[in-house]
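Chains as they are written, first to last, in our numbering: chain A, 2 to 260; chain B, 30 to 286. Each remark here refers to the structure printed beneath this line.
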Ligand code: HEM
Ligand code: SF4
Ligand code: SF4
Ligand code: FES
């Protein structure tokens, strides 16, 4: 049985220095879709566990010492850029924020499903996110207002600014999409990441779109009404975004706008 | 104007686009009504555990016997017809959520296996039990609709035992309690009920999940005891199959000479 808050940030309990080291086995899904003879298969790499080892460190060690052809994505190594999402023992998560000490010795790594595979563990989340952003128009719409860069921005209530900032923490890693049974079944579903963005712009007083405008974007079965409240998204989001309450909030708002 | 809805005339296309909101609302509303009815219904049926006279009184009450001085079976049929309508509307709307083809079904199954995530898995069982209800609940509703005059301690027990309805009721009990329980739990999460200010969403969810399982357990036990009671009465009453119950007479076996 899964617990509700199983997306807690890694805790850095350092094991005693004389603790026996574990041998870890990484079962990595290998495939190159560009190569016509490549067939998807698991390849096993063995590494000795080091204190404080993350999957990021482990994968780099594999690439350095065992197989330079292994493909995976990283930029920030700190849970900020959102590039290192992958499926770790069945659950999507960020490789750079996952400590091996929290995992069993047998670790399976697979690319995030629902996104275009580049090779091995590398997927094109950027393309998907861009498509979603364009579809949902996830930017501030200040209709008919000239943007005057010299003018001082209007003041915002700090409490409201915090609420917007809270939702703006999304790093577009795609874990919520990969963890969503609806998104897996129905390719056009905008996912929790998309719904969260709409909830974010609906809060923002600088965005002049009305609920009716938002309804045009997510008031359908590919949008908020497609969500079946499975909450996989909420439980895997590495930034602990309040997706459960935000989607419920948006659903109430959109039903009101549509009835 | 932010956050307000406009009253300007809407185009035909826009009006069409309103349907997803209505359908989503209707699915939840019918689900809520059916789920609450399921629980209330169980309490009425279970009055047999308090004695045949109590159950007899409840059954007559629904027929307006104590108002009109005679049973008006149309009242029962009307209530059943209302539930049946809700049921059909709910099922039709729920069909939209079923996996549309084998690929989707397969993807979902694999997803469950990988994720090992309770709410994801529960949804699958909700669909399976919902599908079973298509058949099981339809049979039950049709009989209640057409034979409202045969509801009572002996009449119902005869149906359970001599008419061999108990196997169906047994499966129906598990299917409906599971489906309705998960459904009501999901409803609360879906619309953000009991979430307070939303700061302890995880805590609310944990509590809701606990209540869901506790209620499902409670109603399953109550349902099984109730079914057993009717079966026992049905076995005893089998030689007198078809005979109506007369309150107050022969409280032990209930067999009127
Ligand atoms: C033919 C019979 C039925 C079928 C096929 C069916 C199917 C479904 C499905 C697939 C869902 C999930 C929908 C979603 O996640 O949005 C659902 C939700 C639900 N069902 Fe049923 N159901 C049936 C009968 C019933 C009955 C008899 C009850 C009452 C006990 C019930 C209560 C609910 C509730 C409360 C929900 C939650 C509504 C929501 O999530 O919006 N259903 N049903
Ligand atoms: S909502 Fe969370 S899981 Fe989804 S893309 Fe944003 S940060 Fe990642
Ligand atoms: S709550 Fe909605 S968006 Fe999140 S995993 Fe479930 S269906 Fe997907
Ligand atoms: S490398 Fe940037 S989030 Fe992991």
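By construction, the Cβ of each residue, glycine as well, lies at the ideal position given by its N, Cα and C atoms.
Residue from the options whose Cα sits closest to the Cα of residue i
i, options, result
"residue 275 of chain B", "B:42, B:59, B:81, B:150", "B:81"
"residue 50 of chain A", "A:71, A:101, A:245", "A:101"
"residue 63 of chain B", "B:271, B:256, B:119, B:49", "B:119"
"residue 222 of chain A", "A:192, A:168, A:257", "A:192"
"residue 91 of chain A", "B:89, B:215, B:138", "B:138"
"residue 141 of chain B", "B:85, B:185, B:154", "B:154"
"residue 266 of chain A", "A:83, A:79, A:219", "Nothing can be reported for residue 266 of chain A: it is not among the residues displayed for chain A, which extend from 2 to 260."
"residue 249 of chain A", "B:69, B:191, B:211, B:219", "B:219"
"residue 68 of chain B", "B:248, B:143, B:266, B:260", "B:248"
"residue 110 of chain A", "A:155, A:42, A:131, A:216", "A:42"
"residue 23 of chain A", "A:176, A:108, A:39", "A:108"
"residue 187 of chain B", "B:104, B:86, B:251, B:269", "B:269"
"residue 175 of chain B", "B:103, B:42, B:258", "B:103"
"residue 246 of chain A", "B:133, B:223, B:273, B:241", "B:223"
"residue 203 of chain B", "B:143, B:51, B:166", "B:166"
"residue 252 of chain A", "A:218, A:161, A:174", "A:218"
Where residue i sits in the DSSP three-state scheme
i, result
"residue 130 of chain B", "coil"
"residue 26 of chain A", "strand"
"residue 199 of chain A", "helix"
"residue 176 of chain B", "coil"
"residue 235 of chain A", "helix"
"residue 79 of chain A", "coil"
"residue 144 of chain A", "coil"
"residue 300 of chain A", "This structure gives no information on residue 300 of chain A, because the portion of chain A shown stretches from 2 to 260."
"residue 47 of chain A", "strand"
"residue 32 of chain A", "coil"
"residue 169 of chain B", "helix"
"residue 71 of chain A", "coil"
"residue 146 of chain B", "coil"
"residue 42 of chain A", "strand"
"residue 100 of chain A", "strand"
"residue 154 of chain B", "helix"
"residue 129 of chain A", "helix"
"residue 270 of chain B", "coil"
"residue 200 of chain B", "helix"
First through last residue of the beta strand (DSSP E) which encompasses residue i
i, result
"residue 96 of chain A", "Residue 96 of chain A -> no beta strand (DSSP E), and no H or E assigned at all."
"residue 110 of chain A", "107-111"
"residue 123 of chain A", "123-125"
Neighbour list for residue i in chain B, Cβ cutoff strictly below 8 Å
i, result
"residue 222 of chain A", "49, 125"
"residue 43 of chain A", "Those within 8 Å of residue 43 of chain A in chain B number zero; the least Cβ separation is about 14 Å."
Proximal chain B residues relative to residue i, where beta-carbon distance stays under 7 Å
i, result
"residue 236 of chain A", "146"
"residue 231 of chain A", "148, 149, 152"
"residue 255 of chain A", "50"
"residue 180 of chain A", "144"
Alpha helix (DSSP H) segment containing residue i, residue limits
i, result
"residue 61 of chain A", "56-62"
"residue 191 of chain B", "Premise fails: residue 191 of chain B is in no alpha helix (DSSP H) and is neither H nor E."
"residue 168 of chain A", "159-169"
"residue 57 of chain B", "48-74"
"residue 217 of chain A", "212-219"
"residue 266 of chain B", "230-266"
"residue 96 of chain B", "94-97"
"residue 120 of chain A", "Run containing residue 120 of chain A: none in the alpha helix (DSSP H); it sits in the beta strand (DSSP E), 117-120."
"residue 86 of chain A", "Residue 86 of chain A -> not in any alpha helix (DSSP H); beta strand (DSSP E) instead, spanning 86-89."
"residue 190 of chain A", "First-last for residue 190 of chain A: undefined, no H or E at that position."
"residue 112 of chain B", "102-123"
"residue 89 of chain B", "81-91"
"residue 248 of chain A", "244-259"
"residue 178 of chain A", "176-179"
"residue 182 of chain A", "182-186"
Chain-ordered neighbours of residue i on chain A, where CB pairs are closer than 9 Å
i, result
"residue 61 of chain B", "What residue 61 of chain B touches in chain A: nothing, since even the nearest Cβ is about 14 Å away."
"residue 209 of chain B", "Within 9 Å Cβ-Cβ: nothing; residue 209 of chain B doesn't reach chain A, min ~16 Å."
Interface residues of chain A facing residue i [CB-CB closer than 7 Å]
i, result
"residue 236 of chain B", "In chain order: nothing, as chain A lies at least about 10 Å away."
"residue 53 of chain B", "226, 256"
"residue 119 of chain B", "None at all; the shortest Cβ gap to chain A is about 15 Å."
Contacts of residue i in chain B (Cβ-Cβ under 9 Å)
i, result
"residue 139 of chain A", "Ordered by position in chain B, no residue passes the 9 Å Cβ test against residue 139 of chain A, which lies about 17 Å from the chain."
"residue 259 of chain A", "46, 47, 48, 49, 50, 51, 53, 54"
Interface residues of chain A facing residue i [CB-CB closer than 8 Å]
i, result
"residue 131 of chain B", "Result: empty, since nearest Cβ-Cβ is about 12 Å, beyond 8 Å."
"residue 136 of chain B", "185, 186"
is_contact[residue i, chain D] using C-beta, thresh 8 Å
i, result
"residue 250 of chain A", "No chain D is part of this structure, whose protein chains are labelled A and B."
Determine which residues of the segment 92-106 of chain A have a Cβ less than 9 Å from any Cβ of chain B, and write them out in chain order. Going along the segment 92-106 of chain A in chain order, one finds 92, 93 with a Cβ nearer than 9 Å to chain B.
Who's in the neighbourhood of ligand 5, going by beta-carbon under 7 Å from any heavy atom, listed in chain order? Here the bound small molecules are ligand 1, ligand 2, ligand 3 and ligand 4; ligand 5 is not part of this structure.
What residues in the segment 194-220 of chain B have a beta carbon less than 9 Å from any beta carbon of chain A? Result list: 215, 216, 218, 219, 220.
Between the segment 242-264 of chain B and chain A, which residues of the former have CB atoms less than 7 Å from a CB of the latter, in chain order? Cβ contacts with chain A come from no residue of the segment 242-264 of chain B.
With 9 Å as the limit, tell me which residues of the segment 164-198 of chain B have their beta carbon closer than that to any beta carbon of chain A; keep them in chain order. Going along the segment 164-198 of chain B in chain order, one finds no residue with a Cβ nearer than 9 Å to chain A.
Taking beta-carbon pairs under 8 Å, can you tell me which members of the segment 61-93 of chain A lie near chain B? Within the segment 61-93 of chain A, the qualifying residues are 88, 91, 92.
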